[in-house]
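Down below is the structure, laid out as structure tokens.
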Amino acid sequence: MSTKRIIITGATGLIGRKLVAELQNEYALVIFSRNPSRARDTLPGAADYVAWQPAEQGAWAAALDGAWGVIHLAGAPISTGLLGKRWTPEYKAEIRNSRVIGTRGIVNAIAAASQRPNVFICASAVGYYGPYRDSTPLDESAPPGHDFLAQVCVAWEAEAARAESFGVRTVQLRTGLLLDPESGALPQIMLPFKLMTGGPILPGTQVYPWIHPADEVGLIRFALEDERVRGPLNAVAPGALPNREFAAILGKVLGSPSWLPVPEFSLRIALGEMADLVVYGQNAIPRKALELGYQFRFPTLEPALRDLLKLPQ
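Count the sequence shown with this note's numbering and you get residues 42 to 354, in order.
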């Protein structure tokens with residue numbers, strides 16, 4: 042095992058757990074958590090578990106001194122599903138503050154360290170680009186949008202970018218629709234198909250920039266270890282698709298028809314403002330990752346879904 046220490050926040054989340062499994066045999070991982078004992082039970086084998094309150098400076102800040110890298114993934118869930126929290130003003134504030142204030146605290150601790158990290162990787166999202174209903178290509182140089190999620194991402198990334206002024210290579214990981222059959226958005230998307238009532242979400246032209254968890258973890262590791270990676274990085278597969286095509290491929294993989302369009306108004310009733318996540322999209326393209334030579338394991342949707350659902354290719 043390397044003696045390089047890597048700090049990870051959000052380690053008990055979907056990607057955090059997979060990232061820990063990927064890195065723990067090669068790095069000394071330090072897990073920042075609000076509940077270190079639960080994190081230890083969930084993720085045994087890390088070098089240390091540190092109590093972390095993102096809105097407060099505390100003893101945890103000392104752990105960043107001499108760390109080789111920091112991977113900051115923590116934040117309140119954006120998509121909470123039909124039975125989860127609505128985007129009330131209070132929950133929208135939690136979404137924003139958990140990211141902006143949490144990142145500010147991490148960067149302040151980086152600034153105060155006598156030996157600062159080599160690299161700081163901070164989560165972000167393709168929501169940075171705002172809502173689209175067409176296939177306008179959006180690489181890392183595209184301007185931000187103006188809706189709620191775009192404003193969150195802009196403020197979030199601005200806090201992360203301060204680390205550059207302290208001599209720390211900084212990467213903002215703009216993640217798309219993370220495909221996982223057990224959690225996140227995919228189980229909700231699959232449900233109507235399993236009930237034989239699946240179909241595109243109207244208008245159907247909005248592009249879903251998806252990514253397989255193996256490539257999300259792969260890109261984080263790529264950003265961690267390749268010093269050429271700096272600034273925003275679109276963590277999306279090259280094979281993003283309009284929702285109509287996404288639904289057709291999902292139906293094919295599940296052996297279910299894709300025939301019943303879902304109108305926007307019904308999603309607005311069920312989800313409120315959170316419906317923006319599915320009635321709009323972003324044709325984010327991984328220009329920087331491809332130019333720097335990252336090799337996607339799952340560049341196209343059908344093989345990715347078959348792998349995740351353990352179906353023959």
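Glycine included, each C-beta is placed from N, C-alpha and C at the ideal position.
- Take the alpha-carbon of Ala183 and the one of Tyr173: they are about 13 angstroms apart.
- For Ser120, same chain residues with a beta-carbon under 6 angstroms away, outside a window of 5 residues either side, are Ala226, Leu318 in chain order.
- Ranked by how close their Cα comes to the Cα of Ile242, the residues Leu265, Pro302, Glu266, Glu181 have Pro302 in first place.
- In the DSSP assignment, His113 forms a beta bridge with Thr50, Cys163.
- Taking Ala96 as the centre and dropping the five residues before and after it, the same chain places the C-beta of Ile142 closer than 6 angstroms to its C-beta, in chain order.
- Proximity to Asp82 across Val270, Arg58, Glu266 peaks at Arg58, based on C-alpha coordinates.
- In this structure, DSSP gives Ile310 a helical state, which the three-state scheme calls helix.
- Of all alpha-carbon atoms in Lys126, Leu350, Gly245, Ile261, the one lying nearest the alpha-carbon of Tyr335 is that of Ile261.
- Going by C-alpha positions, Cys163 is about 23 angstroms away from Pro340.
- Residue pairing for Ile242: DSSP places it in a beta bridge opposite Val303.
- Residue range 77-83 is occupied by the alpha helix (DSSP H) that includes Asp82, with no beta strand (DSSP E) assigned at that position.
- In summary, Ile310 is exposed, with fewer than 16 beta-carbon neighbours lying within 10 Å of its beta-carbon over all protein chains present.
- A contact is defined here as three or more CB-CB pairs under 8 angstroms, and the region 273-283 fails this definition with respect to the region 226-239.
- Contact between the region 154-169 and the region 191-204 is present: three or more C-beta pairs spanning the two stretches fall below 8 angstroms.
- The continuous alpha helix (DSSP H) containing Ser139 extends over residues 130-153.
- Taking all protein chains shown into account, Asp256 has 16 or more neighbouring C-beta atoms within 10 Å of its C-beta and is therefore buried.
- Under DSSP, the beta-bridge partners assigned to Ala325 are Leu179.
- Distance check between Thr238 and each of Ser299, Arg140, Arg157 places Ser299 closest, using alpha-carbon atoms only.
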